[in-house]
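K.L.:
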Amino acid sequence: MRAAATSTAISLLSSSRLRTSTPARLPFRCRRPLRLAAMATNASFRPEAARSPPAVEPPTPPLSKFKVALCQLSVTADKARNIARARTAIESAAADGAKLVLLPEIWNGPYSNDSFPEYAEDIEAGGDAAPSFLMMSDVARSLKITLVGGSISEHSGNSLYNTCCVFGSDGELKGKHRKIHLFDIDIPGKITFQESKTLTGGQDLTIVDTDVGRLGIGICYDIRFQELAMLYAARGAHLLCYPGAFNMTTGPLHWELLQRARAADNQLFVATCAPARDTSSSYVAWGHSTLVGPFGEVIATTEHDEATIIAEIDYSLIEQRRQFLPLRHQRRGDLYQLVDVQASGSK
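Residue numbers for the sequence shown follow the working numbering, beginning at 632 and rising by one.
1. Give the DSSP bridge partners of Val-797, in chain order.
2. Helix, strand or coil for His-919? Go by DSSP, reduced to three states.
3. Looking only at its own chain, which residues have a Cβ that is under 6 angstroms from the Cβ of Ala-725, when we skip the five neighbours before and after it?
4. Quick check on the DSSP output: the alpha helix (DSSP H) that includes Val-839 runs from which residue to which?
5. Apart from the five residues on each side of it in sequence, which residues of its chain come closer than 7 angstroms, Cβ to Cβ, to Pro-748?
6. Taking the alpha helix (DSSP H) that Ile-949 belongs to, which residues open and close that run?
7. Under 8 angstroms between the Cβ atoms of Leu-862 and Leu-846?
8. Between Tyr-873 and Leu-889, what straight-line distance do the alpha-carbon atoms span, to the nearest angstrom?
9. Which two residues bound the contiguous beta strand (DSSP E) that contains Tyr-750?
10. Between Ile-721, Ser-675 and Gly-740, which lies nearest to Ser-912 when the distance is taken from Cα to Cα?
11. Please report how far the alpha carbon of Ala-905 lies from the alpha carbon of Arg-682, in whole angstroms.
12. Strictly under 8 angstroms for the Cβ-Cβ distance: is Arg-908 near chain C by that measure?
13. Since Cys-795 and Val-770 should fall inside the 8 angstroms C-beta cutoff, what is the C-beta to C-beta distance between them, to a whole number of angstroms?
14. So, with DSSP's three-state summary, where would you put Asn-789?
15. Do the region 921 to 930 and the region 749 to 763 touch if we need at least three Cβ pairs shorter than 8 angstroms?
16. If you scan the region 823 to 892 from start to end, which runs of the alpha helix (DSSP H) of 4 or more residues do you find wholly inside it?
17. Out of Glu-688, Val-706 and Phe-697, which one is the CA nearest neighbour of Leu-727?
18. For Ile-816, which beta-bridge partners are listed by DSSP?
19. Output yes or no for whether 8 angstroms exceeds the beta carbon distance between Arg-893 and Gln-857.
20. When you compare each of Phe-814, Leu-859 and Ala-729 to Val-972 by their alpha carbons, which one comes out closest?
21. Does the distance from the C-beta atom of Pro-925 to that of Leu-958 stay below 8 angstroms?
22. Would you kindly work out how many angstroms separate the C-alpha atoms of Ala-668 and Gly-844, rounded to a whole number?
23. Return the bridge partner residues of Thr-939 from the DSSP annotation.
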């Protein structure tokens, strides 16, 4: 496991590192167009109109600084073993001071279209029909932690979903995110997978107020769609959580890149949690669970083996970074707009 120091990112904006110079005098023919363009731009800035409905400020979180744990679990075909192993990892993380714990995508069974129906749980029925769900609720309550429960396959009616459950410190279900963007991919000679063969896509954004702040939830492939992250930021999220299982083809290229992009674009924290790598399985995960800060800096990450990362989140960095780079006051609402369709329809 390696931790990335944030001092490098901060120093890039410190006054001692900034260099100023007198701009070269422009030829006369260039001055008029530039001056007119600047005047037109200043007159038409409408940052408040860049998002509809307008973005809201993140609420004051109950905790401004706390420890988060990312439990990168080894997943087997033994569901009971997976559940027990997950509980042990959560308990160990809480004992080390974690107030928020994340689990990986599809942690209670193999990631495959054949396994999704076999390992699916009826969350609404609960009890024996949902042993993974029951364990997560119980351990969150007993340890008084917030738990982003990775994802499990959920059976509801005639449909199967890839579902992330978020539990409060009282053990109650605070939010349930059904993976919106299904992982259908075909890279010849590398990887072919089609979640839509068995799974149904979710229809709702999921933002949850918890004891550790306002969380926006996505699952794996959801991270590729920047609009989702932008909507979560506009709804006042402090932290985006993405349980995910990128593979050996897209993982090395895109996994960290996308996390850092979502964090830097929206100036908030991003946490991901993946399964450990198993080269004998039909789907081999990349691993590398990671916490990224609001300047796009990697705060902590791990390799591909089973491991738990414990790192600190400090929400005061969000406002600091937004003062450094005031993107929210520089958006061109006169040129483009992001529309939150569900929020607009509810008004």
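Note that the Cβ used here is the ideal one computed from N, Cα and C, for glycine as well.
P.N.:
Let me lay it out:
1. Residue pairing from DSSP places Val-797 in a beta bridge opposite Val-779 and Gly-806.
2. Coil.
3. Residues of the same chain with a CB within less than 6 angstroms of the CB of Ala-725, apart from the 5 flanking positions on each side, are Leu-774 and Ile-776 in chain order.
4. Taken as a continuous stretch (DSSP letters only), Val-839 belongs to no alpha helix (DSSP H), being part of the beta strand (DSSP E) at 837 to 841.
5. Only Leu-791 and Thr-829 meet the Cβ criterion.
6. Here the alpha helix (DSSP H) through Ile-949 covers 947 to 955.
7. Taking 8 angstroms as the cut-off, the Cβ atoms of Leu-862 and Leu-846 do not count as close.
8. Here the alpha carbons of Leu-889 and Tyr-873 stand approximately 11 angstroms from one another.
9. No beta strand (DSSP E) holds Tyr-750; the alpha helix (DSSP H) holding it covers 746 to 750.
10. Of the candidates Ile-721, Ser-675 and Gly-740, the one whose C-alpha sits nearest the C-alpha of Ser-912 is Gly-740.
11. When rounded, the separation of the alpha-carbon atoms in Ala-905 and Arg-682 is 32 angstroms.
12. Any reference to chain C falls outside this structure, which holds one protein chain only.
13. About 16 angstroms separates the beta carbon of Cys-795 from that of Val-770, a gap too long to meet the 8 angstroms contact definition.
14. DSSP places Asn-789 in coil when its eight states are reduced to three.
15. Inter-segment contact for the region 921 to 930 and the region 749 to 763 is absent: fewer than three beta-carbon pairs are separated by less than 8 angstroms.
16. Counting only runs of 4 or more, we get 857 to 865.
17. Per the sequence shown, the amino acid found at residue 727 is Asp instead of Leu. The residue with the shortest Cα to Cα distance from Asp-727 is Phe-697.
18. Per DSSP, Phe-824.
19. A Cβ-Cβ contact shorter than 8 angstroms links Arg-893 with Gln-857.
20. Taking only the C-alpha atoms, the option nearest Val-972 is Leu-859.
21. Contact flag unset, no.
22. Legend: pLDDT at Ala-668 = 44, less than 50; position of this residue unreliable, value from coordinates given subsequently. Cα to Cα, Ala-668 sits roughly 42 angstroms from Gly-844.
23. DSSP lists Cys-702 as partners of Thr-939.
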